[in-house]
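For the sequence shown, this note's numbering assigns the number 3 to the initial residue and increments by one for each residue that follows.
Cβ atoms here follow ideal geometry from the backbone N, Cα and C, with glycine treated the same way.
Down below is the structure, laid out as structure tokens.
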Amino acid sequence: MTQPVMRVAQVASAIAALDIQGIKIVDLHQMKAALTDRDCPMLGPSSNNPSFLTDWTSQRRSLQGNPDNRYTLNYTLYQAPVGSDRGLFAQYPTLIENARKVVEAIQALPRVDGCKSITLAAMPAFGSVFDASGQQFHGAMFALRIVEF
3 MTQPVMRVAQ VASAIAALDI QGIKIVDLHQ MKAALTDRDC PMLGPSSNNP
53 SFLTDWTSQR RSLQGNPDNR YTLNYTLYQA PVGSDRGLFA QYPTLIENAR
103 KVVEAIQALP RVDGCKSITL AAMPAFGSVF DASGQQFHGA MFALRIVEF
């Protein structure tokens, strides 16, 4: 039976190649464990609750053993460190606008070879997000459902 080929790195590179005005986008190898306010706003692979790759299933879809891989890639938009403004929700208008830009860019994402679809699994989840070192940021989480054939 053919081993499943996952194109996680290719999808991550396609997302990192997006150009969203005012938002830095990083690829897997560029993600830092500890972020600072100078890194924000930034979209990058989720490193903390949920992890970057979740919900992977693989099924044989043909007599030749070709797999159908389905998985979720989680991305986090880091808007600003918590406490960088006087009000708890001072960052939200800009955060919402940046999330809208991210959604539009993902919806217009060019085709990635071998991927049948790349879609948002749900609306972004807004609130506190954490980098890999546990620092808290205002942000949003995006779950992208990937289907490969």
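Inclusion of A142 and F132 in the CB contact set at 9 Å is not warranted, their separation being larger than that value.
Straight through space, the alpha carbons of T74 and A124 are spaced by roughly 11 Å. Just so you know, the alpha carbons of I25 and T96 end up roughly 11 Å apart. Under the 10 Å beta carbon count, V149 is surrounded by fewer than 16 other beta carbons and is classified as exposed. About 18 Å separates the Cβ atoms of I22 and A145, ruling out a contact at the 8 Å cut-off.
Of S48, G85, L45 and T56, the smallest CA-CA separation from R147 is found for T56. Between P47 and the set R62, H31, C117 and S135, the nearest pair of CA atoms involves H31. Its chain contains G46, P47 and S49 as the residues whose beta carbon lies nearer than 7 Å to that of M33, once the 5 sequence neighbours on both sides are disregarded; these appear in chain order. Boundaries of the alpha helix (DSSP H) around K103: Y94 to Q109.
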